[in-house]
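Engineer: Just so you know, the protein sequences line up as chains A and B, in that order. The first sequence lines up with residues 1 to 300 when you count with our numbering. The second sequence lines up with residues 301 to 600 when you count with our numbering. So that we are looking at the same thing, I have put the structure below in structure tokens.
Number of protein chains: 2
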Amino acid sequence: MKGGRPVKPTSIALALLAATASAHADPLEGKRSSAEILAASASEDWRALDPENTLYIALERGRVVVMLSPVLAQDHVAQIKALAREGFYDGLSFYRVIDGFVAQGGDLFETRDVKTAAKTLSAEFDERAPEGLGFTALPDADGYAPEVGFAASLPTGYDAASGRAWHLHCAGAIAMARDEGRDTAGTEFYITLQPQRYLDRNLSVFGRVVEGMEHIQALRRVAPAETPEGDLGETILSVRVAADLPASARAPLEILRTDAEIFQEYAESRRNRPEAFFYRRPNHVDVCQLPIPVRRREAS
Amino acid sequence: MKGGRPVKPTSIALALLAATASAHADPLEGKRSSAEILAASASEDWRALDPENTLYIALERGRVVVMLSPVLAQDHVAQIKALAREGFYDGLSFYRVIDGFVAQGGDLFETRDVKTAAKTLSAEFDERAPEGLGFTALPDADGYAPEVGFAASLPTGYDAASGRAWHLHCAGAIAMARDEGRDTAGTEFYITLQPQRYLDRNLSVFGRVVEGMEHIQALRRVAPAETPEGDLGETILSVRVAADLPASARAPLEILRTDAEIFQEYAESRRNRPEAFFYRRPNHVDVCQLPIPVRRREAS
Chain A
1 MKGGRPVKPT SIALALLAAT ASAHADPLEG KRSSAEILAA SASEDWRALD
51 PENTLYIALE RGRVVVMLSP VLAQDHVAQI KALAREGFYD GLSFYRVIDG
101 FVAQGGDLFE TRDVKTAAKT LSAEFDERAP EGLGFTALPD ADGYAPEVGF
151 AASLPTGYDA ASGRAWHLHC AGAIAMARDE GRDTAGTEFY ITLQPQRYLD
201 RNLSVFGRVV EGMEHIQALR RVAPAETPEG DLGETILSVR VAADLPASAR
251 APLEILRTDA EIFQEYAESR RNRPEAFFYR RPNHVDVCQL PIPVRRREAS
Chain B
301 MKGGRPVKPT SIALALLAAT ASAHADPLEG KRSSAEILAA SASEDWRALD
351 PENTLYIALE RGRVVVMLSP VLAQDHVAQI KALAREGFYD GLSFYRVIDG
401 FVAQGGDLFE TRDVKTAAKT LSAEFDERAP EGLGFTALPD ADGYAPEVGF
451 AASLPTGYDA ASGRAWHLHC AGAIAMARDE GRDTAGTEFY ITLQPQRYLD
501 RNLSVFGRVV EGMEHIQALR RVAPAETPEG DLGETILSVR VAADLPASAR
551 APLEILRTDA EIFQEYAESR RNRPEAFFYR RPNHVDVCQL PIPVRRREAS
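So this is what it looks like as structure tokens:
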């Protein structure tokens, strides 16, 4: 079941027994499954989250961990960290939660002043790809971008013609909302509940949820209230930068490196699943359907 | 906000004022937005759900409405209806809920016998496209299928070479789990929480959640218990065929016809959103990112 098969659980032993007598020839026999590849990975295939670029969103439901990406959205990352450090979001809410679309949070009625953070931000819809971006392209065609792949373990688009790169609106992306003008983002942010690729390069994605996405998916659906007395949705208890918490209170997470050799084999195991369960293999993987594994770091 | 923009709500009036002075030229000015197209739709652009092919899954959280598709999975539709009418699922649970993957429900420890339903089913991974399938292809390229589009308002793949069609694993798809053998599906079903297109043509999709998907997304995440005393997840209160309920207890839902002319304009409004909010338009829409509108039928 680790391999992402909706299999009937009680019959796994039987299925394994039957596997050698499987009726369909399997050209991928001997190739490793995703689970096998990850089980055999080395510690250097994983990268510990940087506490200075990790955000914790505390909800009644539990903690949501966001990996920030200064590499392609440095101003937005600086902004959300400044806001977190001001305590700006504490006690605000996810006031707009639309099923299958986004969960949007912040200060619906603009009752709070920012202190150290900027009032508005210049767009970082895309950026000239910096030296050392470490973009790993997928060979798979994509309808929304000339090339897609991963940078810093986040889904990323790239346009060789302009040399520009941007993070993608896959599920769990975090970005700033804005008004109609490009440079009008400020404090209100959203997290995508499903892929929304049409938003790519129209808003500034600055990170991704890497743990606790089930809490975001479970948020009570709510439309923005018309008055402050209306339903403001579920409360954001606090937003904190991991580095500001004692080490013992941090989530010891690490994410698979997408610039490691192992990633190529992992991607292939998702493109064409070698497990005998599969009768058809598409020889394709959508960049938003290639989740990058996150795990708890082993005690050293 | 109806148009799917993560906009700052309190600034909408300002944004509208500013729109005429927008800095970016808009080649799509005058084209209608999705919201405008739907607002101007005629009643014949919508199709009422057929109560005989509509399933209600009752949870503590609320009711989930599933539109069944006998056109491409007649045996699976007959099976789930027979099981519903036996009361087979009543009191069972969603025992396997993996974030970003699927919510799987049924009889984890196989304690119940089927009565009128089949013990196992022949696969309906894909079917020879029947006369009157009403497949509306999208012009957009897809990495998983030769052609994608909609049949009976459900996301559908089509292969002209073989003449076969199948429903897609977009979010909210419902399908039967199975063992390794093709023809081993029986009673355990799953609903996809995110698109899982690699499962296409490997399992038999027979419908889609059209209301209450937020309840499925909110289900408590749980791995299959090892013993009946373990955590079996959230309870399924009942599964019913809508036709078996009095008309007053049915959800009066209708779905946009994907074989109506209006659908072409609607799809184009999602492919290239005409709203001035958008700075880039991808000229592409992923079939799983083109939700087909569902609404409550107006009283006649």
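Note that beta-carbon positions come from the ideal geometry of N, C-alpha and C, so glycine has one too.
1. Going by beta-carbon coordinates alone, are Arg-242 (chain A) and Leu-59 (chain A) separated by less than 9 Å?
2. Can you tell me which residues form a DSSP beta bridge with Phe-94 (chain A)?
3. Whole beta strand (DSSP E) runs in the stretch 512-578 of chain B with 3 or more residues, listed along the chain?
4. Would you verify that the beta carbon of Glu-514 (chain B) is, or is not, closer than 9 Å to some beta carbon of chain A?
5. Measure the C-alpha to C-alpha separation of Gly-87 (chain A) and Asp-113 (chain A) and round it to an integer number of angstroms.
6. Assuming the contact rule is C-beta atoms closer than 8 Å, Gln-404 (chain B) and Pro-6 (chain A) should be a hit. Round their C-beta distance to whole Å, please.
7. Closest by CA to Gly-212 (chain A), which one among A:Leu-133, A:Ala-118, A:Ala-173?
8. Give the interface partners of Leu-203 (chain A) over in chain B, defined as CB-CB distance under 7 Å, in chain order.
9. Measure the alpha-carbon distance for Phe-94 (chain A) versus Thr-354 (chain B) and round it to whole angstroms.
10. Rounded to the nearest angstrom, how far is the Cβ of Val-402 (chain B) from that of Thr-492 (chain B), given a contact under 8 Å?
11. Going straight from the alpha carbon of Glu-424 (chain B) to that of Glu-488 (chain B), what length do you get?
12. Excluding five sequence neighbours on each side, which residues of the same chain lie with their C-beta closer than 7 Å to the C-beta of Ala-165 (chain A)?
13. Consider the Cβ of Asp-479 (chain B): report whether some Cβ of chain A lies at a distance smaller than 9 Å.
14. Per DSSP, what are the beta-bridge partners of Thr-187 (chain A) in this structure?
15. Would you call Thr-258 (chain A) buried or exposed, if buried means 16 or more other Cβ atoms sit within 10 Å of its Cβ?
16. Can you check which of these residues, B:Ser-341, B:Leu-328, B:Glu-336, is closest to Leu-556 (chain B) by C-alpha distance?
17. Measure how close the beta-carbons of Arg-497 (chain B) and His-515 (chain B) come, nearest whole angstrom, since I'm counting them as under 8 Å.
18. Can you find a C-beta in chain B that's less than 9 Å from the C-beta of Glu-131 (chain A)?
19. Grab the span of the beta strand (DSSP E) containing His-167 (chain A) for me, first residue to last.
20. Hey, is Pro-155 (chain A)'s beta-carbon within less than 9 Å of any beta-carbon in chain B?
21. Would you say Ser-69 (chain A) and Leu-154 (chain A) are within 9 Å of each other, going by their C-beta atoms?
22. Can you find a C-beta in chain A that's less than 9 Å from the C-beta of Phe-394 (chain B)?
23. Under 9 Å between C-beta atoms, does Arg-280 (chain A) make it to chain B?
24. Straight-line CA distance for Arg-96 (chain A) to Phe-109 (chain A)?
25. Using a beta-carbon distance below 9 Å, is Ser-34 (chain A) in contact with chain B?
26. Under 9 Å, do Cys-288 (chain A) and Ala-171 (chain A) count as touching if we go by C-beta distance?
27. For Ser-504 (chain B), which residues does DSSP report across the bridge?
28. Identify which residue in B:Met-367, B:Ala-339, B:Asp-345, B:Phe-563 has its Cα closest to the Cα of Arg-550 (chain B).
Structural biologist: Per the coordinate set shown:
1. Note that residue 242 (chain A) corresponds to Ala in the displayed sequence, not to Arg. No. Outside cutoff.
2. DSSP lists A:Gly-105, A:Glu-234 as partners of Phe-94 (chain A).
3. Within the stretch 512-578 of chain B, the runs of beta strand (DSSP E) at least 3 residues long that lie entirely inside it are, in chain order, 534-541, 553-556.
4. Answer yes: the Cβ-Cβ gap between Glu-514 (chain B) and chain A drops below 9 Å somewhere.
5. Looking at the two C-alpha atoms, the distance is approximately 11 Å.
6. So it is a contact: roughly 6 Å between Cβ atoms.
7. The shortest Cα separation from Gly-212 (chain A) among A:Leu-133, A:Ala-118, A:Ala-173 belongs to A:Ala-173.
8. Neighbours of Leu-203 (chain A) on chain B, chain order: Pro-306.
9. Cα to Cα, Phe-94 (chain A) sits roughly 33 Å from Thr-354 (chain B).
10. In this structure, Val-402 (chain B) and Thr-492 (chain B) form a Cβ contact; the two beta carbons are roughly 5 Å apart against a cut-off of 8 Å.
11. Whole-angstrom Cα-Cα distance: 15 Å.
12. In the same chain as Ala-165 (chain A), and ignoring 5 residues on each side of it, the C-beta atoms closer than 7 Å to its own belong to Leu-72, Asp-126, Glu-127, Ala-129, Leu-133, Phe-135, Ala-151, Thr-156, Gly-157, Tyr-158, in chain order.
13. Under the Cβ distance rule, Asp-479 (chain B) counts among the residues neighbouring chain A, one pair being separated by less than 9 Å.
14. Note: Thr-187 (chain A) sits in no beta bridge, so no partner.
15. In the assembly as shown, Thr-258 (chain A) is a buried residue. Its beta-carbon has 16 or more other beta-carbons within 10 Å.
16. Ranking B:Ser-341, B:Leu-328, B:Glu-336 by Cα distance to Leu-556 (chain B) puts B:Ser-341 first.
17. With 8 Å as the limit, Arg-497 (chain B) and His-515 (chain B) do not qualify as a contact, their Cβ atoms being about 24 Å apart.
18. No, Glu-131 (chain A) lies away from the interface with chain B (no Cβ there is under 9 Å from its Cβ).
19. Counting along the chain, the beta strand (DSSP E) containing His-167 (chain A) begins and ends at 164-167.
20. Taking Cβ atoms only, chain B never reaches closer than 9 Å to Pro-155 (chain A), which makes this a no.
21. Going by beta carbons, Ser-69 (chain A) and Leu-154 (chain A) fall inside the 9 Å limit.
22. Taking 9 Å as the CB threshold, Phe-394 (chain B) stays off the interface with chain A.
23. Residue-level contact by beta carbon holds for Arg-280 (chain A) and chain B, with a gap shorter than 9 Å.
24. Each residue's alpha carbon lies about 12 Å from the other.
25. Cβ-Cβ to chain B under 9 Å: no for Ser-34 (chain A).
26. In this structure, Ala-171 (chain A) lies closer than 9 Å to Cys-288 (chain A) by Cβ.
27. Within the DSSP bridge table, the entry for Ser-504 (chain B) names B:Met-476 as partners.
28. Distance check between Arg-550 (chain B) and each of B:Met-367, B:Ala-339, B:Asp-345, B:Phe-563 places B:Met-367 closest, using alpha-carbon atoms only.
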